[in-house]
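Chains as they are written, first to last, in the working numbering: chain C, 450 to 673; chain B, 320 to 732.
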């Protein structure tokens, strides 16, 4: 962590996703693997992260759409479990995530005749991609100590934008909260470290918002 | 002064409304025109009635235009509707000419309103052929298909596709319902309006009065299915499930509530089958309600312990959304948009047979705490995902997206 002379103010943004059908679909595992090899990276992003910002139950059985489909349309529990544990936060690049998915599917294909299990025609996997629109909320924060009080009133879109989507943005590759804290030097190193431990993938955005508010609150001695 | 958006903020949350205001700022003053074929009746008119004032309050210059036509035109568009849903419909050249000519005439009437609009939303096939009469159009034209077009009758789709392929974008409710088109196909599920008569909060006395009107005993368990008398809704299967449970839970009551079947010969036949299956069981109530009985349906949904939607085939299933919003778990058929809404063990149960439905009915009636817990989750699930405010947000997002040339990421500053 290095400290520039004057830290920036934190510009609170918000975002929303539009879901766009790619027209690509799969009805068995081999087709899923094949489509995955060439599908737009925005589709991989959507099927892993998009669930947080689109109509979906907050406590899903599997956190990515590939695992859910393999379980419920192909009835392959073993593969669903292997896909379900993949945490996209572990991959710095969507291409690496794509490779991991293909690898896991290849492995399963080699285990037997899983390529021949067909989903019902009305249960095909539809590849969807996301279009992200971000916008300025007008809210500005000058000091990290004020963040804890502000977080509970931020929209879920803002939480997604600053904590999850930020990781895709170059060159920082980390969430916006940590990127901002880093500008203050070592003063907030403890908080920085605790934020780094938050795994946003297996909780809902509302839970993530609560968790972030609590971490800031605890660090600055405010009630959560 | 309390605005319409304030009323929605009270239900959906202030953060949701703030979010809409900020997103809409990028579209302030945009001229938006929606075009459909009816001002009243049907789900499209219902949603437009609500969306227009909300868009205006957000600063958009929103208008709603309605095309008009005669008998052959509607005969043709009814054929489109059925054909998109898979029925083998033949459309003679005379009907197709009436369709094209009606669109040409309406194009002249609407020329001033549509030529300069920034966004034109064309709803369903009826006005779809307008586009070709506006070669000088300035704005983005979007075709909104509210119909499940997953397995259309191909010759009719081939004909319609010629009219819709030229749009800048289209919208379908679910990926499963969409057809490939040479432009961006947005996916926007429908929504319910929490402030409408169908979904608003009701006084307990009103719910009691409706139950009394239909001789329903509020001290005994009550389950409900709201749907047309249509084989795809499987009302006879619901009665079969009721019979499988009745010996275990003798106090159980079933209400089947649907619209009249006067102009629908098949509906009449299904209703007759339903009455036959119900026999003289005084605890099965087969109700024929008028199309505008929204408050009655609302009261019945609130009076029920849980709701069934045991469809064999379903579009999105807004009756499911309505029930979930009233904190009622839903036992639903494993099909269409029901799958998106009913999450096993959380907001209800997906079933494929009357036996499966019977099993879940017994489970819910024997686990009252779970039933209440699932009902609570169901309401929150709808609050987050299926209120009109979410649909409005997605419309705004689409408009911003189209303005910025379909880039993956659009930063408005």
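Ideal Cβ placement from N, Cα and C applies to all residues, glycine included.
Can the beta-carbon of residue i be found less than 7 Å from the beta-carbon of residue j?
i	j	result
residue 632/B	residue 654/B	yes
residue 445/B	residue 356/B	yes
residue 459/B	residue 487/B	yes
residue 499/C	residue 579/C	yes
residue 664/C	residue 608/C	no
residue 504/B	residue 432/B	no
residue 384/B	residue 363/B	no
residue 489/B	residue 479/B	no
residue 561/B	residue 589/B	no
residue 608/B	residue 576/B	yes
residue 649/C	residue 613/C	yes
residue 748/B	residue 630/B	A question about residue 748/B goes unanswered here, because the residues of chain B that appear run from 320 up to 732.
residue 543/C	residue 493/C	yes
residue 509/B	residue 635/B	yes
residue 712/B	residue 410/B	no
Where do the ends of the beta strand (DSSP E) carrying residue i lie?
i	result
residue 544/B	541-545
residue 590/C	574-590
residue 730/B	728-730
residue 383/B	380-385
residue 439/B	438-442
residue 652/B	649-652
residue 668/B	667-670
residue 577/B	572-578
residue 661/C	Taken as a continuous stretch (DSSP letters only), residue 661/C belongs to no beta strand (DSSP E), being part of the alpha helix (DSSP H) at 654-668.
Looking only at its own chain, which residues have a Cβ that is under 6 Å from the Cβ of residue i, when we skip the five neighbours before and after it?
i	result
residue 469/B	495, 496
residue 718/B	346, 438
residue 513/B	330, 706
residue 429/B	384
Excluding the 5 residues preceding and the 5 following residue i in the sequence, name in chain order all residues of the same chain whose CB lies nearer than 7 Å to its CB.
i	result
residue 597/B	558, 603, 605
residue 526/C	520
residue 674/B	563
residue 555/B	592, 593, 596
Only counting the same chain, and skipping five residues up and downstream in sequence, which positions put a Cβ closer than 8 Å to that of residue i?
i	result
residue 476/C	567, 568, 570, 573, 574
residue 666/B	643, 648, 649, 660, 693, 696, 697, 700
residue 476/B	402, 403, 468, 498
residue 658/C	600, 601, 603, 605, 608
Between which two residues does the alpha helix (DSSP H) holding residue i run?
i	result
residue 625/C	625-631
residue 514/C	514-521
residue 464/B	Segment: none, residue 464/B is in no alpha helix (DSSP H) and carries neither H nor E.
residue 685/B	673-685
residue 455/B	First-last for residue 455/B: undefined, no H or E at that position.
residue 430/B	412-434
residue 637/B	637-644
residue 555/B	554-565
Please state whether DSSP places residue i in a helix, a strand or coil.
i	result
residue 315/B	The displayed coordinates of chain B run from 320 to 732. Any statement about residue 315/B would go beyond what the structure contains.
residue 613/B	helix
residue 628/B	strand
residue 533/B	coil
residue 551/C	helix
residue 710/B	helix
residue 527/C	helix
residue 331/B	helix
residue 505/B	strand
residue 723/B	coil
residue 358/B	coil
residue 474/C	strand
residue 472/B	coil
residue 697/B	helix
How long is the line joining the alpha carbons of residue i and residue j, rounded to whole angstroms?
i	j	result
residue 645/C	residue 624/C	9 Å
residue 533/C	residue 513/C	6 Å
residue 528/B	residue 594/B	25 Å
residue 459/C	residue 724/B	29 Å
residue 589/C	residue 461/C	6 Å
residue 454/B	residue 485/B	11 Å
residue 407/B	residue 472/B	6 Å
residue 482/C	residue 615/C	28 Å
residue 542/B	residue 652/B	15 Å
residue 687/B	residue 518/C	31 Å
residue 324/B	residue 391/B	41 Å
residue 630/C	residue 530/C	37 Å
residue 380/B	residue 541/C	43 Å
residue 576/C	residue 496/C	8 Å
residue 558/C	residue 478/C	8 Å
residue 544/B	residue 397/B	27 Å
Return no unless some Cβ of chain A is closer than 7 Å to the Cβ of residue i.
i	result
residue 492/C	No chain A is part of this structure, whose protein chains are labelled C and B.
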